[in-house]
Amino acid sequence: EVENYGKYKAKIDLSILERLKNKPNGKYIVVTAITPTPLGEGKTTTTIGLGMGMNRIGKKTVITIRQPSLGPVFGIKGGAAGGGYSQIVPMEDFNLHLTGDNHAVSVTHNLLSAFIDNHLLHGNKMNIDPFSITWPRVVDISDRALRNIIIGLGGKDQGVPRETGFDICVASEVMAILALATSLKDLRERLGRIIIGSTRDGKPVSAEDLKCAGAMTVLMKDALKPNLLQTLENTPAFVHSGPFGNIAHGNSSIVADQVALKCADFVVTESGFGADLGAEKFMNIKCRYSGLTPNAAVIVATVRALKMHGGVGKIVAGKPLPDELVRENIPAVEKGCENLIQMIENMKLFGIPSVVAINTFHTDTRAEIEAIKTLAREYGAEDAIESNHWARGGAGAEELADAVVAAAQKPSKFSFLYPLEASIEKKMETIATKVYGADGIDILPTAKKKIKQFNEWGPKYTHLPICMAKTHLSLSHDPTLLGRPRHFTVPIRDIKASVGAGFLYALLGDMRTMPGLPSKPAGEAVDIDVNTGKIVGLF
C-alpha cells in the first residue's frame, strides 16, 4: 500500500483498511495543552517525543499530526516539525510542499469559487443572491492585502463585479473536509454538501447544485491518502491535513488515525491549541465522525506559561523572555495552575484520564516543577511528569511514556458533551459554560438571524456539532483574560455553516482567516545553497 514520493516520504493507499479490518485497534492518545502563550508550549515536540519514548519502552507506537501551512512557515511561527531531538524528518519536506495536499486543497476550493462566478456571469439561473455568497478564494500564503477585494472589474466579459476576499488555505472548508472524511465516498458526499450562499428567496445553494463536487473530488482523490514520514528515531509519523485550530477543528485526519490504529499498539495524535479548543473539538466533532474513542489525554504545560497566567511578565513572539519569567516564582506558578486545573477538568467532562506533561526548559527550577506536579495530581490528573524530550529525544520522555501507558489502561467512560439534537443555542451555551467557565452566552443580532435561517432549513443544519471559533490565548473570548477567567459572558457574533465538514462554527470575536506577515518575516532567512541544493534558514 506504500506509494513512494521520493526517498523519504510516501502516501498510504486506503486499501490497507480493508486488509486490516479485522485487526483490533491500538490505544488512542490525544495530546493537548494549557492555554498557550504566543510562543506555544511544545505540544508538537511532546507528541513526537512521547511517541519515541513509548517505542523505547517497548510499545509499538505511531504518531499522527497536522501538516503546517506555508503562511506561518514564512511568517512568525516557522515550521511545525517539532524541534531539538524531537523532530519529524525530513523537516524541509514536512514544512514545505510535502506531497502537495495543501495545493490540492487550494485548487479544489478555488475551482468552486470559479464555478460560482461563472454561474453569475452566465445568467444566474439558480437566482443566487450575490450578497449571500460566503465562499471566498484561498492561497497558502499570509497575504493581508487579499483579505477584502473586488473582483469582476474590467468590463462585462471579465465577470460580475462583487466584493469577496481570500482566506489562507488551511481555513478552507475543503481542508476541514479532508481531515474528517472517512473514505472516498464520504469525501465526495461532503464536498457536495458545501453551502456557498443562498438564493434570493432564502434557499441554500450547494457545490452539488453548481455541479462542481465531482470535479472537486477528482482533484482531492490522492490528497485523501495519508502521508508517511518518520521521526529522528525512526518512529512512523503520519502527517495529514492541517485545519485551523480556532476557525476549524484543528486535528489531523481521521483516515491517518484509522490506519495508524491498525498498525500499532498506541497512536499519539495532537490537537490544536489548548484543551478548550482542539481537544474539545477532537472529542465533540472528530470522534463523532470517526467512531473512535480516546483512551487518555496528555496536557502539555510549561513553567513560563503558568507564570504568565499567574500574572507575571508578557511573552511576545520574536522577543527574549522578560527577566521575571526566568526567575523562580512559585506563587505565580501556583496561581497560573488555575488554567491547568480547568484543562484537567475539561478532560474529565469527557470521561478521559489525563496526564500532565511538563515541558521543561533550563530556566525552570525544581521547586516550580514540583509545585505543578502537586497541584495537577491534587486536582485529578493521573500523574504529572516532567519531560526533557527536546534535549534528549525519546529517552527524555520515557517516564512520561510509562505514565501515559498506565493511564490508557484505566477504564474509560467517554461521552460527548452534548447531544446533536439539542438546539444550536444550547450546544453553544454548554461549551461556553462547561469548557470555558463562562456564566453564559450573548447571541448578537447577526447570529440570531443565522440561527433562525438554519432552523428554517431543518435538522440537516441544526443537528450538527458546534465548532467555536475563538482566540487560543484565553479560556474566554478575550485574549487579555489570562489564567482561569470567571464571571464573563461569551458573545456569539456570527454563526456559519460548514455543512460539508459537518459542523456549524460560531464566531466569538473578530477572527482572522487570512494572517499577515510580520515586519521581519521568517522567510527572509530562508535560502538555498545552489551548489549543494541544501535549504538553509528554515526553522
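As numbered in the numbering used here, residues 688 to 1226 make up the sequence shown, in order. Ideal Cβ positions, reconstructed from N, Cα and C, are used throughout, including at glycine.
| Asked | Found |
| --- | --- |
| Of the residues Asp1165, Pro817, Glu895, Ala1109, which one's Cα is nearest the Cα of Asn1142? | Ala1109 |
| DSSP three-state label for Pro891, please. | strand |
| Shortest alpha-carbon distance to Thr722 belongs to which of Val990, Glu1069, Lys890, Phe1103? | Val990 |
| Looking at the secondary structure, which residues open and close the beta strand (DSSP E) in which Gln774 lies? | 773-776 |
| Sort Gly787, Pro1172, Leu726 by Cα distance to Lys1022 and report the nearest one. | Pro1172 |
| Is the distance from the Cβ of Ser940 to the Cβ of Pro913 below 8 Å? | yes |
| Applying the 10 Å Cβ sphere with the 16-neighbour rule, what's the burial state of Pro1146? | exposed |
| Three or more C-beta pairs under 8 Å: does that hold for the region 1060-1067 against the region 942-956? | no |
| Does DSSP put Arg691 in a helix, in a strand, or in coil? | It should be noted that the sequence gives Asn, not Arg, for residue 691. Of the three classes helix, strand and coil, the one that applies to Asn691 here is strand, per DSSP. |
| For a test of the three-state rule: what should DSSP assign to Met741, helix, strand or coil? | helix |
| I believe Met903 touches Thr795 by the beta-carbon criterion, under 8 Å. Please report the beta-carbon distance rounded to the nearest angstrom. | 5 Å |
| If you count every other CB in all the chains shown that lies within 10 Å of the CB of Asn933, and 16 or more means buried, which is it? | buried |
| From the DSSP output, which residues share a beta bridge with Cys1154? | Tyr1192 |
| I'd like to check one pair, Ile1153 with Leu1191: are the Cβ atoms closer than 8 Å? | yes |
| DSSP state of Asn1142, grouped into three classes? | helix |
| Would the region 1039-1054 count as touching the region 1007-1026 if we require 3 or more Cβ pairs under 8 Å? | yes |
| Nearest chain D C-beta to Glu967 closer than 8 Å, yes or no? | Protein chain content of the structure displayed is limited to a single chain, and chain D is not contained in it. |
| Indicate the three-state DSSP secondary structure (helix, strand or coil) for Gly758 in the structure shown. | helix |
| Quick check on this structure: which residue in Lys1207, Ala720, Asp1216, Tyr772 has the alpha carbon closest to the alpha carbon of Ala1004? | Lys1207 |
| Grab the span of the alpha helix (DSSP H) containing Arg875 for me, first residue to last. | 871-880 |
| Quick one, are the C-beta atoms of Gly997 and Gly1170 less than 8 Å apart? | yes |
| Is there at least one non-hydrogen atom of the ligand MG closer than 7 Å to the beta-carbon of Ala1156? | No copy of the ligand MG occurs in the structure displayed, which carries no ligand at all. |
| So who's on the other strand from Thr1231, going by DSSP bridges? | Residue 1231 lies beyond the stretch modelled for the chain, which goes from 688 to 1226, so this question has no answer here. |
| What is the DSSP secondary structure of Val1302, counted as helix, strand or coil? | The chain is shown only over 688 to 1226; residue 1302 falls outside these bounds and no answer can be derived. |
| Helix, strand or coil for Asn1046, going by three-state DSSP, please let me know. | strand |
| Do the CB positions of Ser1074 and Ala1082 come within less than 8 Å of each other? | no |
| Taking the alpha carbon of Ala1119 as the reference point, which residue from Ala983, Lys898, Leu1162, Trp1077 has its own alpha carbon closest? | Leu1162 |
| When you compare only the Cα positions, how much space is there between Thr980 and Val718? | 14 Å |
| Can the beta-carbon of Glu1069 be found closer than 8 Å to that of Val1042? | yes |
| CB-CB under 7 Å to Asn643, same chain, minus the five flanking residues each way: which ones, in chain order? | Outside the displayed range of the chain (688 to 1226) lies residue 643, so it cannot be described from this structure. |
| Within a Cβ cutoff of 7 Å, which residues of the same chain sit near Gly1224, ignoring the five residues on either side of it in sequence? | Ala1212, Val1213, Asp1214 |
| Specify the secondary structure class of Asn1218 as computed by DSSP and reduced to three states. | coil |
| How would you label Asp780, buried or exposed, when you count the other beta carbons within 10 angstroms and need 16 or more for buried? | buried |
| Could you give the residue range of the alpha helix (DSSP H) that holds Ala984? | Counting along the chain, Ala984 falls outside any alpha helix (DSSP H), though it belongs to the beta strand (DSSP E) covering 983-988. |
| Could you check which residue in Lys708, Ala1188, Thr731 has the C-alpha nearest to that of Glu957? | Thr731 |
| Where does Thr722 fall in DSSP's three states? | coil |
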